[in-house]
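Each remark here refers to the structure printed beneath this line.
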Amino acid sequence: MYDIVFTNKAEREFKKLEKNIQERIVSSLERCRLRPESHFERLVGDKGFKLRVGDYRVIADIIHDKIIILILKVGHRKNIYDKF
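Numbering-wise (our numbering), the sequence shown opens with residue 36 and increments by one.
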């Protein structure tokens, strides 16, 4: 099972969200821990993966050799891809 690790920036973004959105994201991430490739979609280029949670997105990197899902960004879909 993969561990979920937030970068400092992603953790700050996550904590700014409403509690119900945070709960939905945590629930979705828990489902992804066994086989992340079946839930995450690859982003264009080599920028990682995205997970859709309603109108919110989780941008992550899946590190297979360390069995980690590294969360890079969390936010609303309208501005999550800015400066990424």
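Yeah, the Cβ is synthetic: ideal placement off N, Cα and C, and Gly gets one too.
Would DSSP call residue i helix, strand or coil?
i: residue 79; result: coil
i: residue 60; result: helix
i: residue 66; result: helix
Return the CA-CA distance between residue i and residue j, expressed in angstroms with no decimal places.
i: residue 77; j: residue 111; result: 18 Å
i: residue 54; j: residue 39; result: 19 Å
i: residue 103; j: residue 37; result: 5 Å
i: residue 67; j: residue 86; result: 9 Å
Residue i: which of the options sits nearest, CA to CA?
i: residue 75; options: 98, 44, 114; result: 98
i: residue 96; options: 58, 81, 47; result: 81
Which first and last residues belong to the alpha helix (DSSP H) in which residue i is found?
i: residue 44; result: 43–51
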